[in-house]
Amino acid sequence: MRIPCPYCGLRDSHEFTYLGDATVKRPDPAAPNALDTFSDYVYLRDNPAGAHRDLWYHASGCRSWVVLERDTRNHAIGGATLAREVTP
Amino acid sequence: MSRLPSGGRIDRSQPLSFSFDGKAYKGFAGDTLASALLANGVRLVGRSFKYHRARGIFSAGSEEPNALVELRTGARREPNTRATTVELFDGLSAQSQNRWPSLDFDVMSVNGLLSPFLGAGFYYKTFMWPAAFWEKLYEPIIRRAAGLGRAAEGTDPDSYEKAYAFCDVLVIGGGAAGLTAALSAARSGARVIIADEDFALGGRLLSEQHPIDGAPATSFVAKVEAELASLPNVRIMSRTTVFGVYDSGDYGALEKVSDHLAVPAPFQPRQRMWKINAKQAVLASGAFDRPIVFGGNDRPGVMSAQALRTYAVRYGVAPGNSAVLFANNDYAWSAALDAAEAGVRLTTIVDVRTEVAPALTARAKALGTRVILGGEVVATSGKVLTSVIVRSGGREETISTEVLAISGGTTPNLHLTSHFGSKPLYNKELAAFLPNTPPPGMAVAGAAGGHFSLAATLRTGAELGAAAATAAGFNATPVAAQAEETPSGISAFWQVKGARGKAFVDFQNDVTNKDVTVAHREGYRSVELLKRYTTLGMATDQGKNSNMAGLAIMAELTGQGIGETGTTLFRPPYTPVALGAIAGHHRGKDFRPTRPTPSHAWAKERGAMFVEAGQWLRAQYFPKPGEKDWLETVIREVKATRASVGMIDVSTFGKIDLKGPDAGAFLDRVYINMFSTLAVGKARYGVMLREDGIVMDDGTTSRLSPEHYVMTTTTANAAKVYQHLEFCLQVLWPELDVQLASITEQWAQISISGPKSREVLAKVVDAPIDVSNEALPYMGVAQGTVMGGVKTRIFRLSFAGELGYEIAVPARHGEKLVRALMAAGEPFNITPYGTEALAVMRVEKGHVSGSELNGHTSARDLGLGKMASTKKDFLGRVLSGRPAFLEEDRPILAGFRPVDKTKRIRAGAHFMAIGAEPVLENDEGYMTAAIFSPTVDSWIGLGLIKRGTERWGEKVRAYDPVRGEDIEVEICDPAFVDPKGERLRV
Amino acid sequence: MRYSALSLFANALMGQKGWKPAWRDAAPKPAYDVIIVGGGGHGLATAYYLAKEHGIRNVAVLEKGWIGSGNAGRNTTIIRSNYLLPGNEPFYEWSMKLWEGLEQDVNYNSMVSQRGVLNLCHSDAQRDAYARRANAMRINGADSELLDQDGVRAMYPHLLDFDNARFPIKGGLLQKRGGTARHDAVVWGYARAADKLGVDIVQNCEVNGFIRDASGAVVGVETTRGPIRAGKVGLAVAGSTSRLTCKLDMRLPIESHVLQAFVSEGLKPLIDGVITFGAGHFYVSQSDKGGLVFGGDIDGYNSYAQRGNLPVVEDVAESAMALMPSIGRVRMLRSWGGIMDMSMDGTPIIDKTHIPGFYLNTGWCYGGFKATPASGWCFAWTIAKDVAHARNALMRLDRFRTGHIIDEKGVGPQPNLH
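Sequence order for the protein chains is A, B and C. Mind the numbering: the first sequence is residues 1 to 88 in UniProt numbering, read in order. Mind the numbering: the second sequence is residues 1 to 986 in UniProt numbering, read in order. Mind the numbering: the third sequence is residues 1 to 418 in UniProt numbering, read in order.
Below, the structure is given as structure tokens:
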């Protein structure tokens, strides 16, 4: 599998490490229900069969965290964005 | 001898010697082992898996199910090697396999007589009583009898390589379609790779006799190959099998670099695995003949019609003194007639059809071959074939023959098209499965795509080759190559009804048509259940030969069509691939990289013993002559350190540089304690959590300037922590202005500890560094130079729990620093120590390490809960407030000492109340680490035990049944040495 | 017909014509007491134990394809109970005990073969961790032995690399009762036995929704063969769990990942038991047919594709060669991929849910095969009694919220590390 790193270009996936779903957002730790929202954030996933936004880290490259659009049914890759440029 | 007097693409001027089962034979350059065996009249080559039936050579390609041999000997022995793909070399040695005592007389062939009991799934219905007999009696017999060849004896002496290649168009297969595809793409300027598993390009053109553009096919091959070889944008890879299709246009390929030689040439690998990335691919892998199911269809001498032609035309071999063809299609006629024209005595053609193209019958007539239409072969006889019984018009007759060529039709070689899970589609007209949706970027040309005639093969190759180059951004047009259309009739036919003797569907696994019937009767009717219940299609050919007939018979039984019945999926690899090739050079010491520390050479010189710490190799201890074991050495090292001064290389700790206006705020979020308040020139111990509240890592972080910190991590977690910090900065808090750099490799770091360490340090620092307790107090940081101008950072801290310093210098000066410290420390008997002594001193001091930071412990569990700041949020804070984290009964860190001081306690023992029964309910925790402490003068340990801190003084059992021990221990303060930390501050 | 040497003999004499289908190809009835979604090992075992242990026989197992077509037919067939944590070890040891009586219980030879599972260690820290685990196994009534290097050498004197290894073998954790079973035969054995007790096994019947009553309780399923009502619905569909629970608006602590596995060409006996490498991801055994069956780590990214990529294949082969340098010329015959429900702590979930009538069995990561008997047994108990048995009491769905996580490896809430 080859991943289009926005910084380095098309690179083999073995240069990257995978984290998981890029759509979960860290909740407000000060909120009164933080225990629940953090449990959901850390543990619960949509886990779709289809379009998925993945977080990959270009460990053997530019060390960017990359958000990859990928179909989990066939590994077809849409696009990639630097994680820091993804608007929350 | 069965070598024809002339013809064949072999080099008769180059005779080669080889042996099979110890007997010497001769062949020629250009032969395969199979063609050379046939040329020598060797027709019995192997034994089948279950019934140990005598088997010969069925095919002339990589789909061969029968002729498997052990090639070479000893540590180079290659079991299950298809004789049909082995390029003959001088001195080749091969043995038959799966037989005892000999190929000719195999005792296990008695299984054939027992076949009524050994049908599909027999083993699922018996061998159940008594239960213990399975492992002891039944299974050992089955295991010994099963299996095919024997693996090599000893370490593989050959080497393997991996390589990458990139191209615009990958052409898989160098036959008619592959050649026109490659040429069409190449002429446009596209980067083309053409790969073929054979040692020569040409595929079917090496065996067929049809002219192309009015000239012999072989001159067409030579012309195209010459042009391709002349183009700088083309790479021709023969002896290279594309075995798998992967995501994003990645293809796995195996190049047999040296398999055609007795041993690889110096510095050459045996095989090379290629990872080819291609924008587009044209699959031109051809097709092969499939067998017909009838009684005795497995006898040596029965071979595919295409194979007969290949042996005759390409290798100049008549596989027997006479041949009969049994078929249902025109291509088989062409093949057999070509073979006859090359010199094979083709006596009879039996076809199930009642009408056949006149062009073919005329050719047969011209050759004097008898034609029986509407006929079937119902039985065969001879250990190796001597005759066949043919039934036609209600009459049976016996025909003597040594070869029976068979063809039940042409099966496209579409293996690679289903690697992404696409199920082939049945085409009734062609009586064949055709590719459905190949992987993205792949087009299928020629016979692999169901375009069987030579004319269609050449045309589709050219068209798809040009289309592929165009899709890759080039302006390509198909090349022209003309051949006459040939008859292409076929009438679907799978098995002869009422045949006598065993009628095989899967040759290698001995699956018969009766087995398919039994599977149907017992409800294993899905093709996948059929496969799994009978083992049909699970042989080394992955069912290339057997699947079609098997599922056709099942379709007939269920009354569904073949298309509805469907077929099983081919999975990578296309043909079996040696594990050594996939591993490449990653074996032995090179399995994973070795990271030596900056002081490695010096430590080696000192006679250090080394230990693996992840990829690092660290000094474990430094034995001195006369010391009887490691323990004696380690005790000396610890005592010397605590009494005077010791030294250890700690460069393996992860080191991370953090710069930016928000660095302090960032550290406050990732550590449980405060770092924004840390004074410049000071270090602080920190603990960081995972978001789930469990401790991730610990270490010290120092502030070098208001916006510049340097962090240390544990050796094991260096990469993980760095990745985590980048995650926090880039994903969680991109608004923070902090830059990170890993500086683990850039800085060597040497630790000296012990009461004399200040005096040693003083000798290596340059002015104006002041190492006095006032100028450089505990947890102080100094910057400057050492050894007359080498940049340094000095941190006053010690994992060993003594007055100590960690001195960092650029990595290239690490060894020099070690030698300088040794020289400076000589008056104080400075003692180098390794990871063992360090482990002893950290347990004595009660410092946590990897065995306590094990991914199960919270800061509170480790007695570090009080470090957590209540004035701020930090990563992991919220979830460490979950109920389970606050339970009173959670195991907490404590120290342990044996009540009987002479006893040795061990890590991994579980704690229980004295007298308690050793059951789960009474399990209170376990010992994480245990060492012999010279300072305490007994074995001591750290462990996690329920309510650990409240129970100091209580005695419990350290229960260790797996090592036969059960020792009474006292729970105590984990800090065995200097609990108040006074030694650190002197 | 009962399977025995006698029935085999009788059928041999009558040309194998006396055999009957091992299970009925049932058409779905309009309603059942219990519907188990998923005709894999776990689902079929659940149905069997519902009928056998709890007398609940009006049960259907609904399978979208053919039985055993998911992970039950795509694993490396290893059985063992060498777990560490209290939430796991009693469960897996119960599974091992059920394996030991399985064939006689269901009258089907599943080739349960206790030839030993050997986990190699390559460092003192690893050995200490194995000691802790070995003791935990003993405390839970399982067998375990800690071997030193000589002990390992005695088992495999010629095969393993003791001389040139990058990570020398220091010893190992041996469970002699561990071993392998013939995965397909486990499925067929449970199917046949459940069928005999009246369970309907319905193949080619894909569930694509749930029927709920006014209170929200699940009272049936929508299928490609029409709606089917049920008193209770249990889900045992590894690899498809999230695809179904999303129809109930349930988000789960799992991710789907692809795990590849491999088999070599058939060889004469080379490896007696199961060996796992401790310095890389690699485990291997040899089937009765002679093929080496081996695997490694998951590919590591969310996937439903049932196929993987080369980096993992290479990693597996590298570990194989590092461990057994004589197998370089042995060939990989076939690879395949299965979809794993990787849970957030590496431990499965067998529990009822907040939705009445809906029960969940998921999160087996790549350890589901060995759990088949106990998973079915415990899931059946949980469904029948509406409460977990002690053996699966900690495999709760709410443990992530309470913090009672069961994380054998200690790698935290990242599924691809478990």
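For each residue, glycine too, the CB sits at the ideal point set by N, CA and C.
query, result
"Please report the Cβ distance between residue 643/B and residue 622/B, rounded to the nearest whole angstrom; I am assuming they are in contact, meaning their Cβ atoms lie under 8 Å.", "Actually they are not in contact, since the Cβ atoms of residue 643/B and residue 622/B sit about 16 Å apart, beyond 8 Å."
"Just mark residue 374/C as buried or exposed, buried being the case when its beta carbon has 16 or more other beta carbons within 10 Å.", "buried"
"So, for residue 159/C: in the same chain, excluding its five sequence neighbours on each side, which residues have a beta-carbon less than 6 Å away from its beta-carbon?", "324"
"Thinking C-alpha only, which one of 60/B, 875/B, 917/B is nearest residue 669/B?", "875/B"
"Mind checking if residue 878/B is an interface residue toward chain A, Cβ cutoff 8 Å exclusive?", "yes"
"Would you say residue 277/B reaches chain A, if we count a Cβ-Cβ gap shorter than 8 Å as a contact?", "yes"
"State the DSSP-derived secondary structure class of residue 571/B, mapped to helix, strand or coil.", "coil"
"Are the segment 339-348 of chain C and the segment 244-257 of chain C touching, with three or more C-beta to C-beta distances below 8 Å?", "yes"
"Just how far apart, CA to CA, sit residue 898/B and residue 904/B?", "8 Å"
"Output yes if chain C places a C-beta closer than 8 Å to the C-beta of residue 883/B; else output no.", "yes"
"Along chain A, which residues have their Cβ under 9 Å away from the Cβ of residue 255/C?", "20, 21, 45, 47"
"Hey, how far is the Cα of residue 413/B from the Cα of residue 217/B?", "22 Å"
"Could you tell me which of 271/C, 196/C, 351/C, 227/C sits nearest to residue 52/C, measuring between CA atoms?", "196/C"
"Taking the DSSP output, what are the residues bridged to residue 336/C?", "261/C"
"Relative to the C-alpha of residue 379/C, which residue among 35/C, 131/C, 31/C is closest?", "35/C"
"Could you name the residues that DSSP lists as bridge partners for residue 708/B?", "659/B, 705/B"
"Opposite residue 111/B in the DSSP bridges: which residues?", "Answer is none; residue 111/B lacks a bridge partner."
"Less than 8 Å between the beta carbons of residue 420/C and residue 78/C, yes or no?", "Outside the shown range of chain C (1 to 418) lies residue 420/C, about which nothing can therefore be said."
"Spatial neighbours of residue 62/A within its chain, please: CB distance less than 6 Å, with the 5 preceding and 5 following residues excluded, ordered by chain position.", "7, 8"
"Measuring alpha carbon to alpha carbon, tell me which residue in 76/C, 7/C, 312/C, 24/C is nearest residue 368/C.", "76/C"
"Under 9 Å between beta-carbons, which chain C residues line up against residue 28/A? List them in chain order, please.", "Neighbours of residue 28/A on chain C: none; closest Cβ ~18 Å, over 9 Å."
"If we cut at 8 Å on Cβ distances, does residue 108/C have a partner in chain B?", "yes"
"At which residue ranges does the segment 608-696 of chain B contain complete alpha helix (DSSP H) runs of 4 or more residues, listed in the order of the chain?", "630-643, 663-670"
"In chain order, what residues of the same chain lie with their CB nearer than 7 Å to the CB of residue 138/C, ignoring the 5 residues before and after it?", "144"
"Are the Cβ atoms of residue 156/B and residue 296/C separated by less than 8 Å?", "no"
"Kindly say whether residue 13/A, judged by its beta-carbon, lies nearer than 8 Å to any beta-carbon of chain C.", "yes"
"Three-state secondary structure (DSSP) at residue 341/B?", "helix"
"Closer than 8 Å by C-beta to residue 613/B: which residues in its own chain qualify, once you throw out the five before and the five after it? Chain order, please.", "652, 715, 716, 835"
"Please say whether residue 227/B and residue 183/B have beta carbons closer to each other than 8 Å?", "yes"
"Tell me the DSSP secondary structure of residue 1015/B in three-state form.", "The requested residue 1015/B is not part of the displayed model; chain B covers only 1 to 986."
"Please identify the residue among 352/C, 299/C, 418/C, 339/C whose C-alpha is closest to the C-alpha of residue 14/A.", "299/C"
"Mind checking residue 554/B: buried by the 16 CB within 10 Å criterion, or exposed?", "buried"
"Kindly indicate which residue of 694/B, 129/B, 326/B has the alpha-carbon position closest to the one of residue 5/C.", "129/B"
"Under 8 Å, with one C-beta from each stretch per pair, do the segment 474-494 of chain B and the segment 448-457 of chain B reach the 3-pair mark?", "yes"
"If you follow the beta strand (DSSP E) that residue 377/B is in, where does it begin and where does it stop?", "375-381"
"With three or more C-beta pairs closer than 8 Å as the rule, is the segment 336-344 of chain B touching the segment 91-104 of chain B?", "no"
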